[in-house]
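Asker:
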Ligand SMILES: Cc1cc2nc3c(=O)[nH]c(=O)nc-3n(C[C@H](O)[C@H](O)[C@H](O)COP(=O)(O)OP(=O)(O)OC[C@H]3O[C@@H](n4cnc5c(N)ncnc54)[C@H](O)[C@@H]3O)c2cc1C
Ligand SMILES: NC(=O)c1ccc[n+]([C@@H]2O[C@H](COP(=O)([O-])OP(=O)(O)OC[C@H]3O[C@@H](n4cnc5c(N)ncnc54)[C@H](OP(=O)(O)O)[C@@H]3O)[C@@H](O)[C@H]2O)c1
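Numbering (the numbering used here), first residue to last: 2 to 311.
#1: For the alpha helix (DSSP H) that contains residue 168, what are its first and last residues?
#2: I'd like the span of the alpha helix (DSSP H) that includes residue 318, first residue to last.
#3: Do residue 102 and residue 81 have their CB atoms nearer than 7 Å?
#4: Contact between the region 164 to 180 and the region 94 to 101 is defined here as three or more beta-carbon pairs at a separation below 8 Å; is this criterion met?
#5: When the Cα of residue 141 is compared with those of 166, 152, 235 and 60, which residue comes out closest?
#6: Looking at ligand 1, does it come within less than 6 Å of residue 149, judged from the CB to the closest heavy atom?
#7: If you follow the beta strand (DSSP E) that residue 214 is part of, which residue opens it and which one closes it?
#8: Start and end of the beta strand (DSSP E) containing residue 307?
#9: Looking at residue 187 and ligand 2, is the gap between the Cβ and the nearest heavy atom below 6 Å?
#10: Under 6 Å: does the beta carbon of residue 79 sit that close to some heavy atom of ligand 1?
#11: Determine whether the beta carbon atoms of residue 146 and residue 77 lie at a separation below 7 Å.
#12: Taking all protein chains shown into account, decide if residue 310 is buried (16 or more other Cβ within 10 angstroms of its Cβ) or exposed.
#13: To the nearest whole angstrom, what separates the beta carbons of residue 152 and residue 180, a pair I think is in contact under 8 Å?
#14: When DSSP builds the beta bridges, which residues end up paired with residue 186?
#15: Can you tell me which of the three DSSP states residue 228 falls into?
#16: So if DSSP puts residue 18 in a beta bridge, which residue, or which two residues, is it bridged to?
#17: How about residue 261: is its Cβ closer than 6 Å to a heavy atom in ligand 2?
#18: Is residue 133 close to ligand 2? I mean its beta-carbon at under 6 Å from any heavy atom of the ligand.
#19: Among 266, 106 and 195, which one has its Cα closest to the Cα of residue 30?
#20: Return the chain-ordered ranges of every alpha helix (DSSP H) run that is complete within the region 85 to 155 and spans a minimum of 4 residues.
#21: For ligand 2, is there any heavy atom lying closer than 6 Å to the beta carbon of residue 219?
#22: Please work out which residues of its chain come closer than 6 Å, Cβ to Cβ, to residue 66, disregarding the five sequence neighbours upstream and downstream, and give them in chain order.
#23: Suppose the cutoff is 7 Å on Cβ atoms and the five residues either side in sequence are ignored; what does the same chain contact list for residue 278 look like?
#24: For the candidate residues 225, 243 and 207, whose alpha-carbon lies nearest to that of residue 214?
#25: Taking DSSP as the reference, what is the three-state secondary structure of residue 281?
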């Protein structure tokens with residue numbers, strides 16, 4: 002596309018500016034987006050859309066995209082959970098609900114196995130402070146803290162950038178003076194993928210009811226003995242950390258990220274019965290222990306989940 006046409010498309014389609022950018026490493030970033038309009042009221046755990054035009058450049062060394070010319074002028078949009086820095090730079094507990102920007106935690110998908118090139122992240126990773134993009138005006142999602150009571154045990158269990166909504170939820174739980182234990186476990190490939198680790202260490206030192214459990218599956222010392230989130234529950238290590246048994250009557254579990262970790266049971270349309278996926282996910286581990294996952298908006302259990310892809 003001609004540069005004048007691109008400038009016009011940007012003017013028409015974009016409604017937000019990159020306010021801040023923190024690259025944890027080449028493939029992982031925290032990005033703060035400031036929408037032109039005031040941010041609508043929202044809840045910790047929810048998500049919105051980010052978008053860039055197909056006319057924008059892609060990061061080199063990412064999967065090649067084959068795009069018909071007719072698609073060149075289209076806007077690509079994807080969902081992103083709202084994250085939080087948790088603490089302010091001063092070290093005080095932050096309040097995301099009052100900032101003029103939204104923080105996101107995004108991993109670069111360099112390639113896919115489907116043969117279809119990832120459309121958005123290779124473009125998002127070209128952004129710099131001050132650049133323009135699309136940010137959804139609607140913030141939505143039933144993945145939130147509505148059902149949690151102040152003395153409940155809260156388990157925030159994520160893989161990779163699935164930690165994003167949990168950071169915002171943690172901030173709000175602490176702001177509300179949550180009294181029950183809060184466990185935040187995050188499973189990543191490599192330690193360098195634990196982008197918020199230093200913050201969690203600070204928060205743990207200050208709040209005795211907060212426990213962060215980082216798991217890295219592909220570090221050389223873990224070769225042949227990967228520990229997934231399911232394993233931390235099965236082994237009883239998670240309960241040891243909080244010093245009490247998991248009681249389904251007073252515990253809410255939040256699962257976010259890789260669908261294989263979550264393991265959503267599938268409903269058989271004819272029989273109405275549910276069956277678990279072949280590989281055991283956290284839902285199966287916990288339902289065997291008296292927990293129950295949400296089966297829709299009107300049938301809520303004590304396990305809530307957000308799958309990042311299907
Ligand atoms: C409700 C919701 C919230 C989301 N929040 C986030 C978020 O906070 N941060 C984030 O990085 N992504 C998030 N995602 C995923 C995001 O929407 C995009 O799919 C992702 O950024 C890749 O976009 P893409 O166009 O580059 O590739 P796509 O074509 O969308 O994805 C290609 C493949 O990449 C893999 N993939 C996608 N997202 C991830 C991921 N996060 N981690 C590991 N592998 C992945 C999957 O195998 C997927 O099939 C969320 C998805 C949903 C549905
Ligand atoms: N992280 C990186 O440095 C890196 C580098 C290059 C490209 N990428 C790309 O970035 C994208 C995201 O990668 P990601 O590492 O953030 O997310 P991810 O692939 O979902 O992995 C996150 C964590 O989930 C674990 N996991 C996988 N299957 C599981 C299961 N059945 N149950 C429980 N846990 C499970 C992974 O362990 P395993 O070790 O078993 O996978 C890993 O520890 C991918 O497209 C990837 O190709 C990432």
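Glycine included, every Cβ here is placed at the ideal spot set by N, Cα and C.
Answerer: Looking at the atomic coordinates:
#1: 165 to 176
#2: Residue 318 is absent from the model: the chain starts at 2 and stops at 311.
#3: no
#4: yes
#5: 166
#6: no
#7: 211 to 217
#8: 304 to 308
#9: no
#10: yes
#11: no
#12: exposed
#13: 5 Å
#14: 158 and 214
#15: coil
#16: 35 and 133
#17: yes
#18: no
#19: 106
#20: 122 to 125
#21: yes
#22: 118
#23: 264
#24: 243
#25: coil
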